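One structure below.
Protein chains: 2
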Amino acid sequence: MKKLVLVFLFLVAATALPAQSKTHVDLIVTGGTVVTMDASRHIYDNGAVAMRGDTIVAVGARETIESRYDAARTIDAHGEIVMPGLINGHAHAAMSLFRGLADDLSLNDWLHKYIFLAEARNVTPDFVKWGTRLGVLEMLRGGITTYADMYYFEDEVARATKAAGMRGVLGETIIDFPAPDNKSVPQMLAYTAKYIQHWQRDPLITPAIAPHSIYTCSTKTLQETAALARKYHAPILIHVAEAPFEGEQSRAKYGLSPVAYLESIGFLGPDVTAAHCVWVDAGDMKLLASRDVGCVHNPSSNMKLASGASPVVNLIAAGVPVGLGTDGAASNNDLDMFEEMDLAAKLQKLVRMDPRALPAEQVVAMATINGARALHMEKQIGSLEAGKKADVILIRTDAPHATPMYNVYSQLVYALQASDVDTVIVGGKIVMQHRQMLTLDEPRILAKARDYAKKIQASLAAPAK
Amino acid sequence: MKKLVLVFLFLVAATALPAQSKTHVDLIVTGGTVVTMDASRHIYDNGAVAMRGDTIVAVGARETIESRYDAARTIDAHGEIVMPGLINGHAHAAMSLFRGLADDLSLNDWLHKYIFLAEARNVTPDFVKWGTRLGVLEMLRGGITTYADMYYFEDEVARATKAAGMRGVLGETIIDFPAPDNKSVPQMLAYTAKYIQHWQRDPLITPAIAPHSIYTCSTKTLQETAALARKYHAPILIHVAEAPFEGEQSRAKYGLSPVAYLESIGFLGPDVTAAHCVWVDAGDMKLLASRDVGCVHNPSSNMKLASGASPVVNLIAAGVPVGLGTDGAASNNDLDMFEEMDLAAKLQKLVRMDPRALPAEQVVAMATINGARALHMEKQIGSLEAGKKADVILIRTDAPHATPMYNVYSQLVYALQASDVDTVIVGGKIVMQHRQMLTLDEPRILAKARDYAKKIQASLAAPAK
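Residue numbers (our numbering), protein chains in the order written: chain Y, 32 to 496; chain U, 32 to 496.
Here you go:
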């Protein structure tokens, strides 16, 4: 009898005080189709994600999560896709102010008559601040939670990115000619050393160093840049093998392909992310894989500038981690990872004349977990798993262009659009909810961008000094 | 003195009674950037379009139009692009119910294990009604005001299209195997004759006849089809030279390319619109131009199915009118002309390795006036000009991804999206205003599409009878 009473009391306590047995978290997203992008590619049809601080605590079936956790705040994701935030592996955010300034031109005219001239006459800290805000605004609206950037005045880029609540791997550009911010390589390296030290412990910003390319940086510059990066354990971002001329110059000058040349000077390593990798052969791919270099494919930019089609299927087969990027708005003309996913899948099918090439699931991986690998950040971001950063996006699936839905990966790659992204969470903080930006003053950014456009157009009309 | 008094009185009358001197119209769209796509490519920065009934009465500068016309209804287009409705030159609207059902497969598996099977087991008049409604809903939302369709039960397609207030060139499919609607070619031809006669005087619907292709129709079928079309002066829609196997079969069987074979049997003429035209040589292009055949380029579908890249720049140079199409959602997977414009421009640049190939203005022409030419409807649609049908769309330009704007054609092709379309007018009637559909019950269509998806999936799981 005594035993029975005890059991009875225990049961009363257990049912009357269920809240005491739940673990408290800050935020739960619940009720959506949770696409984890974990190693087993688990999808919870009615799933939930629990977050505390900037970290994911648990991912699972809705009833499991709700029975184990209670949250200060809950977001209902019913009818939505819940997935890791997209990773834009290569961008020049501030160049959004040049969107559509110079299209359909030869590479030479585009670069020398427009882009370099417009940069020389306009790029100031204020330009970079507003241009980055514009780029970050567009990216967050399209579900991008992390981006890699290469530009000038990168300290401004970092400040604008952090203020928007976005994650960034932000590389100050090193180049062998006077740049808008620094006039010589020693000045650039000094700026970068200071910049890296300032940002290195930031939870959102990873300061990086970005030697522009092998055709704009000498061997000495590349080696000094790599040495600086390795001194501070900062990542290196660089354009590699983008257009045919780069390979021709490299072979003429060094007798080696761009990748083999970079290997010969000790540049390649597990801290390097190489954008483009269009003109790489089997030997280059083997080198990239053996040195654990990440590659970032930019299909829009490569097509629009007629750079070529990167052998993405072969790179992946060789073991190279391949992410996906938008490049800058001057060569795209938007920063839209849904467009890049669609294009990446279709481009490989076309160039290989095989509709089975690069299926949708692989493309979603490129935009998430493999994008994280390409940036050497796969332990922090790229999938929804306990312990990773709470970078989570919610995507509506009720638009006519996305109805019906048979396969979630197909829908993400071939049908859904950036405008379907509903809510964006970075490091546990909601930065966009139901398409309302919470961290950025959108009307002011757009007004400033229009003002800058007038100034930029006038600057190009002015005669050379 | 008398003369002066008369002049004075005239001036008083002219300023005091301006309203009496104005011509009455039904609708004026005013204040936007009016991109006419007329022969001189005139753009009015602050323009207006006046419409009466289903026809455009005048296009011009805002103050000119407002001083000459008054309207029962005015739409303020300030800050928007005002342009002719987009023309989707090739689609299978009802196949939207198969969106994403079968992706990343070999052509053989895709067609035989999924699409043909799903069609045989599901395509009924009700399927076509709801599938067409879904497709038309997506297309109107994305600024498409005219589309060309090839499917079965085309009478249902016509009814759904007309009810939505959309313009269509709608072709009943003729094919040498039992179709969901008619089991033999004589039955198909009899159905089509009746269908054409029923719809031929409709203001929105142009009934057409659609022999599927040279590899699914015998010479006899093609000739009988052409004869029927010519008896009723109805347009002919056909797939031509889409994939390599078609040319191989044609050369083996007839000793001729697909285009030369069609010429040899008297099929080609100024009433034919040929979808795809991927595998056409210089001789084929000359033939197509000399017979005034219109071609429709479908870049998404051609890439996704690995069909190849149509030589669009060469076709245009040969004098062939080239439009742009989405193909069906089973091979795309959306019906989005903004995506097709972006892709068309980028694909030509890539395959020609020339960033100057197919500039933005030419691509906008493909989606409007040249699309009309490809459908032999350039006298009625494709540009904003007095006397043409009042098919007008308004596009917002204030999204972050479309800010700033330097060039309106660049923005349309490379940055703006279907979701930026704000208001759609077809034949003078507003079918979508501020993204609210006025002619379609969107929630009901989406619910029906989801129901059908379950049915379709179950049908594929069932064993063969």
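The beta carbon of each residue, even a glycine, is placed where N, CA and C say it ideally should be.
Quick caveat: nothing in here was measured; it's all calculated off a predicted structure.
Between residue i and chain Y, is there a C-beta pair that is closer than 8 Å?
| i | result |
| --- | --- |
| residue 387/U | yes |
| residue 123/U | no |
| residue 355/U | no |
| residue 273/U | no |
| residue 137/U | yes |
| residue 446/U | yes |
| residue 172/U | yes |
| residue 364/U | yes |
| residue 310/U | no |
Is it the case that the Cβ atoms of residue i and residue j are separated by a distance below 8 Å?
| i | j | result |
| --- | --- | --- |
| residue 105/U | residue 422/U | no |
| residue 260/Y | residue 179/Y | no |
| residue 266/Y | residue 302/Y | yes |
| residue 378/Y | residue 386/U | no |
| residue 437/Y | residue 391/Y | no |
| residue 309/Y | residue 272/Y | yes |
| residue 405/Y | residue 304/Y | yes |
| residue 279/Y | residue 318/Y | no |
| residue 172/Y | residue 449/Y | yes |
| residue 64/Y | residue 74/Y | yes |
| residue 328/Y | residue 396/Y | no |
| residue 142/U | residue 491/U | no |
| residue 407/U | residue 356/U | no |
Kindly say whether residue i, judged by its beta-carbon, lies nearer than 8 Å to any beta-carbon of chain U.
| i | result |
| --- | --- |
| residue 196/Y | no |
| residue 367/Y | yes |
| residue 131/Y | yes |
| residue 411/Y | no |
| residue 280/Y | no |
| residue 390/Y | yes |
Near residue i, which residues of its chain fall below 8 Å by C-beta distance, leaving aside the five closest residues on each side in sequence?
| i | result |
| --- | --- |
| residue 416/Y | 67, 69, 87 and 90 |
| residue 40/U | Residue placement at residue 40/U is poorly supported in this model, since its pLDDT is 49, which falls under 50; the coordinates are not used for a value here. |
| residue 413/U | 68, 115, 118, 399, 400, 401, 402, 403, 404 and 419 |
| residue 282/U | 288 |
| residue 85/U | 234, 420, 421, 458, 459 and 460 |
Excluding the 5 residues preceding and the 5 following residue i in the sequence, name in chain order all residues of the same chain whose CB lies nearer than 6 Å to its CB.
| i | result |
| --- | --- |
| residue 350/U | 320 |
| residue 477/U | none |
| residue 298/U | 253 and 257 |
| residue 277/Y | 246 and 289 |
| residue 127/Y | 162, 165, 166 and 360 |
| residue 535/U | Since the first residue of chain U shown is 32 and the last is 496, residue 535/U is not available in this structure. |
| residue 242/U | 205, 248, 253, 256 and 269 |
| residue 230/U | 189, 236 and 238 |
Apart from the five residues on each side of it in sequence, which residues of its chain come closer than 7 Å, Cβ to Cβ, to residue i?
| i | result |
| --- | --- |
| residue 497/Y | A query on residue 497/Y cannot be resolved here, the shown segment of chain Y reaching from 32 to 496 and no further. |
| residue 18/U | Residue 18/U is absent from the structure shown; chain U starts at 32 and stops at 496. |
| residue 250/U | 296 |
Going by DSSP, which residues form a beta bridge with residue i?
| i | result |
| --- | --- |
| residue 112/Y | 64/Y and 426/Y |
| residue 460/U | 457/U |
| residue 104/Y | 58/Y |
| residue 205/U | 242/U |
| residue 497/U | No answer is possible for residue 497/U: the residues shown for chain U start at 32 and end at 496. |
| residue 326/Y | 305/Y and 353/Y |
| residue 122/U | 180/U |
Return the CA-CA distance between residue i and residue j, expressed in angstroms with no decimal places.
| i | j | result |
| --- | --- | --- |
| residue 469/Y | residue 83/Y | 20 Å |
| residue 504/U | residue 119/U | There is simply no residue 504/U to check, as chain U begins at 32 and stops at 496 in what is shown. |
| residue 145/Y | residue 152/Y | 10 Å |
| residue 314/Y | residue 236/U | 58 Å |
| residue 49/U | residue 108/U | Interpretation of residue 49/U is limited by its pLDDT of 49, a score under 50 that renders its predicted location unreliable; the figure taken from the coordinates is listed afterwards. Distance between the alpha carbons of residue 49/U and residue 108/U is about 24 Å. |
| residue 424/Y | residue 451/U | 22 Å |
| residue 78/U | residue 58/U | 14 Å |
| residue 129/Y | residue 362/U | 34 Å |
| residue 263/Y | residue 102/Y | 39 Å |
| residue 175/U | residue 168/U | 10 Å |
| residue 136/Y | residue 481/Y | 23 Å |
| residue 55/U | residue 352/U | 37 Å |
| residue 393/Y | residue 443/Y | 11 Å |
| residue 80/U | residue 487/Y | 32 Å |
Please list the partners that residue i has in chain C, where partner means a Cβ-to-Cβ separation under 8 Å.
| i | result |
| --- | --- |
| residue 145/Y | Reference to chain C is not applicable here, since the protein chains of this structure are Y and U. |
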